[in-house]
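Residue numbers (the numbering used here), protein chains in the order written: chain A, 50 to 178; chain B, 3 to 498.
A virtual CB, placed ideally from N, CA and C, is assigned to each residue, including glycine.
Some notes on the structure that comes next.
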């Protein structure tokens, strides 16, 4: 799968797409593929402060519950309420099914993240094929 | 299915509805004798709380009840039917002598409200079991109260917290390796600690450099399972303990895998400060169907003031009793003194085996797991080459190329007459297949298991669809676990 080049990626398999100082966060195709069928997505409420690298929610699949890690620091401005009733959307369209929107505290946080090409390389190494 | 198993065949499996569906008004399995005491006016006594009818209680006859539950029981799989290789769960045989002892009249009919002076036998059981567990673990003091492993973890961390608090700083973080049981981070969060993940190295062990970098005076404890969930013994355990202790942190050991250590190595000797045991794993008390479980917590001297109260003590007159006067205690964590029936069974197991017998069970558990490892090496991918102890973790890497995953192979095992192994855990192994035979299995049963696993691997090559559609021999075929989780139906409703 080709990873969209309009955003950045974390080694914990989140993506973040920015527009000015606001950003949208979700999980990657590799993440949904390794999790399997997602049955529950738990995200923070609007107004909660996220810290880069720290957990901010969980994704539950039939196999396991996994933490979501914030790609950047910021304040939650919107959450994707759709995912509460239709978590399968993350499996179907991981790069279109965002989880939270945040106002970035420090846009420079993104400099430390991976480009689409680097992420693809990272995933290939991690999965060993 | 050219090489189908020698263990399982199909047998008649009766369909059975819910007991509510059998109900018809007025049917009953009981008949009361005539009233020989004055009738009371329940409406006057209870007012609005008086119940006028039985609500939706099923009304069925005695034989219908018996058939209902007998039929349901035939759908079950149990250790009494065959191998239960559920890795990390230590589903060992529950010896009948345990049950015999637990049913001895004086023990079975004891009541926690009996005065201490006529409960000396029961108190003696608590004390003797405590002493045995302390000798096995090399720890200094113990509470038997917690009702399960995760409950033990929580009790242990409450003591860790109270210990640090008494020193003026409760600290903020708990370190947990990425191979840990999911209950460890959940416990730390319940006790209000932040969880920090610790990476494993290429051997599947704690990465010492990462631990050194992450250890600080904000870290209350490291929660470690040893041997870890890959079945690998943490060889640097002394170094790990030293790194923690140097900064005032404590080493918590999850005792889920004690079945690999009993009689061989003692956590108290390798630097552990707090640990829980699972009597329903290592010490052969019932595990399935709710057990109930039992998760004693053993500690070093420094944590003793914080033990849950009451604590069993020998009084000045030589009799046993409960000590409630423990001002620094984290409090009671369980009604009375825990799941007493399990203490009786665990003590029966320990005493029936004796020290040499327990050491032998450990050796056999490790030998059995390695027999299976050797038997399946080459058929299934072994992600970590490090020697393993009482369990072995394979991955579905080879079979995944044909689109068959660990869950499919596990489902197919049911057709061969075995309970599935543990799937998709530990999380550090993608497509994990975690197998723990325990010491209970004979070579013959393990040979059947290895043969079944090899046969499934052949099927994956020749006819993967058979495996993908498994199980075939059960009452119902593959259940849609995803739909059950996404759209759960939580209660039965009568059809109008």
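- Only those residues of the region 59-88 of chain A whose C-beta falls short of 7 angstroms from the nearest C-beta of chain B are listed: 83, 86 and 88.
- Apart from sequence neighbours up to five positions away, the residues of its chain that approach residue 92 of chain B with a beta-carbon distance below 7 angstroms are 261, 283, 284, 438 and 440, ordered along the chain.
- Between residue 350 of chain B and residue 401 of chain B, the CB-CB gap reaches or exceeds 8 angstroms.
- At a beta-carbon threshold of 8 angstroms, none of the residues of chain B lie near residue 166 of chain A; the nearest stands roughly 23 angstroms away.
- At a cut-off of 8 angstroms, the C-beta of residue 137 of chain A has a neighbouring C-beta in chain B.
- Around the beta carbon of residue 147 of chain B, 16 or more other beta carbons lie within 10 angstroms, which makes this residue buried.
- With a threshold of 8 angstroms between beta carbons, residue 488 of chain B makes contact with chain A.
- Assignment of beta-bridge partners to residue 199 of chain B by DSSP yields B:178.
- Exposed is the label assigned to residue 37 of chain B, since fewer than 16 other Cβ atoms lie within 10 Å of its Cβ.
- Among the residues facing chain A, residue 388 of chain B is not included, as its CB has no counterpart in that chain under 8 angstroms away.
- In chain order, 99 place their CB closer than 6 angstroms to the CB of residue 354 of chain B, counting only its own chain and leaving out the 5 sequence neighbours on each side.
- Where residue 113 of chain B is concerned, there is no enclosing alpha helix (DSSP H), because DSSP gives it neither an H nor an E.
- For residue 324 of chain B, the beta-bridge partners assigned by DSSP are B:314.
- Residue 57 of chain A sits in a strand when the DSSP states are folded into three classes.
- The Cβ-Cβ distance between residue 159 of chain A and residue 121 of chain A falls below 8 angstroms.
- Taking the C-beta atoms as reference points, residue 276 of chain B is found nearer than 8 angstroms to residue 252 of chain B.
- Within 8 angstroms of the CB of residue 141 of chain A, no CB atom of chain B is found; the nearest one sits about 13 angstroms away.
- Looking at B:230, B:455 and B:166, the one whose alpha-carbon comes closest to that of residue 221 of chain B is B:166.
- Contact between residue 95 of chain A and residue 128 of chain A is confirmed by a C-beta separation of about 6 angstroms, below the 8 angstroms threshold.
- Of all residues in the region 426-445 of chain B, only 426, 429 and 432 come within less than 7 angstroms of chain A when Cβ atoms are compared, listed by chain position.
- If you check the CB distance, residue 298 of chain B and residue 81 of chain B do not come in under 8 angstroms.
- As computed with DSSP, residue 65 of chain A is found in a beta bridge with A:57 and A:74.
- Within the same chain, no Cβ atom closer than 6 angstroms to the Cβ of residue 497 of chain B is found once the five residues on either side in sequence are excluded.
- Residues of the region 148-165 of chain B whose Cβ lies closer than 8 angstroms to any Cβ of chain A: none.
- CA-CA distance, residue 18 of chain B to residue 295 of chain B, rounds to 30 angstroms.
- With 16 or more other CB atoms across the displayed protein chains lying within 10 angstroms of its CB, residue 81 of chain A is buried.
- In this structure, residue 89 of chain A lies near residue 136 of chain A, with their beta-carbon atoms less than 8 angstroms apart.
- For residue 256 of chain B, there is no enclosing alpha helix (DSSP H); the enclosing beta strand (DSSP E) covers residues 252-256.
- At least one beta carbon of chain A lies nearer than 8 angstroms to the beta carbon of residue 184 of chain B.
- Nearest in C-alpha terms to residue 229 of chain B, of all of B:246, B:208 and B:213, is B:208.
- Rounded to the nearest whole angstrom, the C-alpha separation of residue 139 of chain B and residue 79 of chain A is 43 angstroms.
- Between the alpha carbons of residue 218 of chain B and residue 93 of chain A lies a gap of roughly 29 angstroms.
- Chain order gives no chain B residues near residue 121 of chain A, where near means a beta carbon separation below 9 angstroms; the closest approach is about 19 angstroms.
- Membership of residue 376 of chain B in the alpha helix (DSSP H) is indicated by the continuous run 342-378.
- Counting C-beta atoms within 10 angstroms of its own C-beta, residue 357 of chain B has fewer than 16 neighbours from the protein chains shown and is therefore classed as exposed.
- In this structure, the straight-line span from the alpha carbon of residue 451 of chain B to that of residue 413 of chain B is close to 14 angstroms.
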